[in-house]
Amino acid sequence: QVQLVESGGGLVQAGGSLRLSCAASGSVFGFNDMGWYRQAPGKERELVASITSGSSTNYADSVKGRFTISRDNAKNTVYLQMNSLKPEDTAVYYCNVRQAFTYRYFWGQGTQVTVSS
């Protein structure tokens, strides 16, 4: 049973930084793509950043230059370093991973990020 444990959310002032972590476990196959999505109140869930097993990255235009995604394959953990945070970054952030071989996707429980102005 694949499990994702997220941590690192919280309340921060505009211009501040947070680092999100998502540890994946329960798969003997490992994981291919890993990423972060977010959903603000009244809005659809959107991709923030993703990273392949080969560490190729993709970012939403709104976070380019401010957020950095990385992963530790030995720990099956993906990170999201968020700098220069803005109030519009306020959302619930969800970890998403794709299991190798099965190609099934799994979601974390979500962690709240609130940026005050």
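For the sequence shown, my numbering assigns the number 86 to the initial residue and increments by one for each residue that follows.
Don't be surprised by glycine CBs; every beta carbon is placed ideally from N, CA and C.
All of these numbers come straight from a predicted model, not from anything done at the bench.
Give me, in chain order, the residues of the same chain whose beta-carbon lies closer than 8 Å to that of E85; leave out the 5 immediate sequence neighbours on both sides.
For residue 85 there is no data in the structure shown, the boundaries of the chain being 86 and 202.
Rounded to a whole number of angstroms, what is the C-alpha to C-alpha distance between C180 and T153?
Taking the sequence shown and counting its residues from 1, the one referred to as residue 180 is at position 95. Taking the sequence shown and counting its residues from 1, the one referred to as residue 153 is at position 68. Distance between the alpha carbons of C180 and T153 is about 14 Å.
Quick one, are the C-beta atoms of A185 and F116 less than 7 Å apart?
For the purposes of this step, residue 185 is identified with residue 100 of the sequence shown, where counting begins at 1. For the purposes of this step, residue 116 is identified with residue 31 of the sequence shown, where counting begins at 1. A contact, by the Cβ cut-off of 7 Å.
Y178: buried (16+ other C-beta within 10 angstroms of its C-beta) or exposed?
Walking along the sequence shown from the start, residue 178 turns up at place 93. Y178 should be labelled buried.
DSSP three-state call for S112: helix, strand or coil?
Position 27 of the sequence shown, counted from the first residue, corresponds to residue 112. Coil at S112, not helix or strand.
Kindly give me the distance between the Cβ atoms of T175 and V198, rounded to whole angstroms, as I take these residues to be in contact under 8 Å.
Locating residue 175 in the sequence shown gives position 90, counting from the first residue. Locating residue 198 in the sequence shown gives position 113, counting from the first residue. At roughly 6 Å, the Cβ-Cβ gap stays under 8 Å, so T175 and V198 are in contact.
Of the choices G120, S169, L89, whose alpha-carbon is the least far from that of S102?
What you label residue 102 is simply residue 17 of the sequence shown in a count that begins at 1. Ranking the options by Cα distance to S102, first place goes to S169.
Excluding the five sequence neighbours on either side, which residues of its own chain have a C-beta within less than 6 Å of the C-beta of R151, listed in chain order?
Translated into positions along the sequence shown, residue 151 becomes position 66. So the list reads N168, S169, once near-sequence residues are dropped.
What's the C-alpha gap between G85 and E91?
Examination of residue 85 is not possible in this model, given that the chain is present from 86 through 202 alone.
Which of helix, strand or coil does DSSP assign to E131?
Here the question's residue 131 lines up with position 46 in the sequence shown. Reduced to three states, the DSSP call for E131 is strand.
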